[in-house]
Amino acid sequence: MGSPRFWSWAALVAGLLYFFLPLVGMFEFSLRARRGEYSFQAYTNVLSDPQFRETFMYSVVVALFTIVLGVLIVAPTAFWVRLKLPKLRPVIEFITLLPLVIPPIVIVFGYIRLYNTSSWLPLTGTAMGTNILLTFGYSVLALPYMYRAVDTGLRTIDVATLTEAAQSMGASWFTIITKLILPNILSAILSGAFLTFAIVIGEYVFAALLNRPGFGPYMVWMGGNKAYEPAALAVIAFGITWACMGVIQLATRLSKHNRVQR
Amino acid sequence: MAFLKIEHLEKSFGSTRVVKDFDLEIQKGEFISLLGPSGCGKTTVLRMVAGFETPSSGAIVIDDKDVVALRPNQRNIGMVFQAYALFPNLTVGENVAFGLKIKGVGKDEREARVKEMLTMIGLPDLGNRYPFQLSGGQQQRVALARALAIQPHVLLLDEPLSALDAKIRVSLRTQIREIQRELQITTIFVTHDQEEALSISDRIVVMNGGVAEQVGAPFEIYNRPATRFVAQFVGTLNLIEADVIAPESGTVRIGTTEISLGRPLKPGRVTLACRPEAVSLGLAEGRPLVLHAEIGEVHFLGAVIRVQARAGRTQLSLDTFNRPDTPPPAAGDKVQVSISPADLLVLEA
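See the structure below:
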């Protein structure tokens, strides 16, 4: 029998290998586009493809709108539930979890049925309408992550007392939320925002079924038609996700009052 | 004419009435403490004055204006909370300036006022620090400066010293009182600490079960409690059972001693009460009630020595001043203790 220390290290190494080996394998495979040598040819192919740029930019823009919409819906709701309706919290939590248990295909077919061209609100009748519908759909899809992130952020501050202190000094609800609550949960909002970003960038079902030129459908199309480029795309997608996480960390560190606290 | 009038104030949460027909008049510049045990309704009254709770009925009039219908941000009231409630994302200076900025005070005036406030609380150089870089006492002083910066009509203090250690508590309460006197601001202070209330208030409202049991100056509350609850809640009290033998003259028998209290009493048994400092060790002139007692615990508190003694079935607590030439009694000593009838309170049932 080895020492507990040895087995701790062994478990860590096994875990790291389990996580990193497929990535290393995928990265190695993505470099084999040229026969007999390693090169970044697959990456060049991907990055020079106009469709890559178009779909990626489209998804980035939709992701940004989704984040704004998500923050506008979730932050005031979570704040109000914490402040005035604490008994409703389990109900709200359950509702925010629904997108995890209802398959996206069910949600999107529901949307198509509700908002088709012969419905009372024919959003799918125009490209802009469908873009709006897609943004709303993504904000629903990201709800579990955004709500949890914001709620966790709110838990770290004494929402009720801070609100009352601000009210006693004449602050309106708008001032309280924008000047006090949001800055104090900024790192939580950023966490939720980057999770939303990561979800939207790779999402396939909504974009494909609403026939929008998203990055997800492009990745699937690429996977079905090319050999090395999908691996390069996957590595790029990982890079974007990790960059997002890095930005979260950076934003938390650069936030003045957090920096001092550490 | 009272500056702040609370009339027939009631508050119920569901079927529970937490404040019952509460009346209070506060003069401008007066320092009032709401004192009582947990759940007596003192914080609810304060929160209704602040506007955070809506009264079930009754009126709150500040400077001749009924404020019940006004929202908290329309009442011009400064409030200090137990948990400091400084905004973590703002520096000390920004915290103090927060209310002024909302009121639309210009930058120069705002900066001057922040400087003045920070100097007043003795922290002139900490304007650029964040709240968590300060100690609890410093944070609460900043909270006080922030509340006062907007020049409120009324200052409300909701157990502001409870989270602080004993030494800071004493120094900060002195500072609060000094600042309040200097600014002449009408103040309501909520506490469950009787020493705090007695030491800094102009008047105290002792609350129990949602009602004001007694309103009076600290001296009056301590020495002439109006009800049994006030007598027992404020300070330490010795309870002595007695038989009334002549109701008209107020003559009672305690053990074998008969004394006249000089006021009519109801026939039967009566509970008398006296403060520890009203009980003397040994015989003394003008103290005809003498009890034979055995010393129990002796607590040396420095200037004061608190002695526990048992006289028959009566447990007594008595305070004597420390005298270097007179050592305190020892546990088990047989002593005589004496009390003046004037110091005995008759507790109503």
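Here the protein sequences line up with chains A and B, keeping their order. Our numbering applies: residue 1 is where the first sequence begins, and numbers increase by one. Our numbering applies: residue 1001 is where the second sequence begins, and numbers increase by one. For glycine and all other residues, C-beta sits at the position ideal for the given N, C-alpha and C. This one's a predicted model, so the numbers in the text were calculated from it and none came from an experiment.
- With respect to the 8 Å criterion, A:Thr175 and B:Ile1305 are not classified as neighbours on the basis of their beta carbons.
- Against chain B, the beta carbon of A:Ile248 has no neighbour under 9 Å; the closest one sits roughly 18 Å away.
- B:Val1092 has its alpha-carbon roughly 14 Å from the corresponding atom of B:Leu1100.
- DSSP places B:Lys1042 within a helical segment (H, G or I) once states are collapsed to three.
- Taken residue by residue, none of the stretch 199-214 of chain A has a beta-carbon sitting less than 9 Å from a beta-carbon on chain B.
- Rounded to the nearest angstrom, the Cβ distance from A:Phe238 to A:Leu16 is 16 Å, too far for a contact under 8 Å.
- Under a 10 Å Cβ-count criterion, A:Met146 is classified as buried, with 16 or more other Cβ atoms of the shown protein chains found around its own Cβ.
- Within 10 angstroms of the beta-carbon of A:Leu21 lie fewer than 16 other beta-carbons, which makes it exposed.
- Boundaries of the beta strand (DSSP E) harbouring B:Gly1296: 1289-1300, taken from the DSSP string.
- Boundaries of the alpha helix (DSSP H) harbouring A:Arg155: 143-155, taken from the DSSP string.
- Each of A:Ala227, A:Trp9, A:Gly153 was checked against the Cα of A:Phe27, and the nearest Cα belongs to A:Ala227.
- Around the beta carbon of B:Gln1151, fewer than 16 other beta carbons sit within 10 angstroms, so the residue counts as exposed.
- Chain order gives the chain B residues near A:Ala171 as Asn1073, Ile1102, where near means a beta carbon separation below 7 Å.
- With respect to the C-alpha of B:Ala1069, the residue from B:Phe1233, B:Lys1334, B:Thr1054, B:Leu1004 having the closest C-alpha is B:Thr1054.
- In the three-state reduction of the DSSP assignment, B:Lys1005 falls in the strand class, which pools E and B.
- Minimum Cα-Cα distance from B:Leu1090 among the listed residues A:Asn184, A:Ala208, A:Arg113 corresponds to A:Asn184.
- Under a criterion of Cβ atoms nearer than 9 Å, no residue of chain B is adjacent to A:Leu72; the nearest Cβ is some 20 Å distant.
- Of the candidates B:Glu1094, B:Ala1050, B:Pro1088, B:Ala1197, B:Ala1197 places its Cα closest to the Cα of B:Ser1033.
- The continuous alpha helix (DSSP H) containing A:Val108 extends over residues 104-114.
- In terms of Cβ geometry, B:Phe1022 and A:Glu164 do not form a close pair [threshold 8 Å].
- Distance from the Cα of A:Ile240 is smallest, within the candidate group A:Phe215, A:Ile157, A:Val220, for A:Phe215.
- The C-beta distance from B:Val1234 to B:Ile1221 rounds to 6 Å, short enough to fall under 8 Å.
- If you look at B:Glu1178, you'll find it isn't in any beta strand (DSSP E); it sits in the alpha helix (DSSP H) that goes 1166-1183.
- Per the coordinates, the alpha-carbon of A:Leu182 lies some 13 Å from the alpha-carbon of A:Ala193.
- Nearest neighbour of B:Ser1057 by Cα position, chosen from B:Val1018, B:Ser1038, B:Glu1111, turns out to be B:Val1018.
- Distances from the CA of B:Ile1240 to each of B:Gly1216, B:Leu1289, B:Gly1262 were compared; the closest alpha carbon is that of B:Leu1289.
- Going by DSSP, B:Met1120 is part of the alpha helix (DSSP H) stretching over 1107-1120.
- Taken in chain order, the complete alpha helix (DSSP H) segments of 4 or more residues contained in the stretch 61-108 of chain A are 89-101.
- At a cut-off of 8 Å between beta carbons, A:Ile157 contacts chain B.
- For the pair B:Ala1242 and B:Val1270, the CB atoms are nearer than the 8 Å cut-off.
- Residue contact with chain A for B:Phe1219: absent (no Cβ-Cβ distance below 8 Å to any residue of chain A).
- In the DSSP assignment, the residues bridged to B:Cys1274 are B:Asn1238.
- Selection B:Gln1027, B:Ala1226, B:Ala1143, B:Ile1185 evaluated against B:Leu1172 yields B:Ala1143 as nearest (Cα-Cα).
- Per DSSP, the beta bridge partners of B:Met1079 are B:Leu1156.
- Interface with chain A (8 Å Cβ-Cβ cutoff): B:Pro1088 is included.
- Ranked by Cα distance from B:Gly1137, the options B:Ser1340, B:Val1114, B:Phe1081, B:Gly1312 are led by B:Phe1081.
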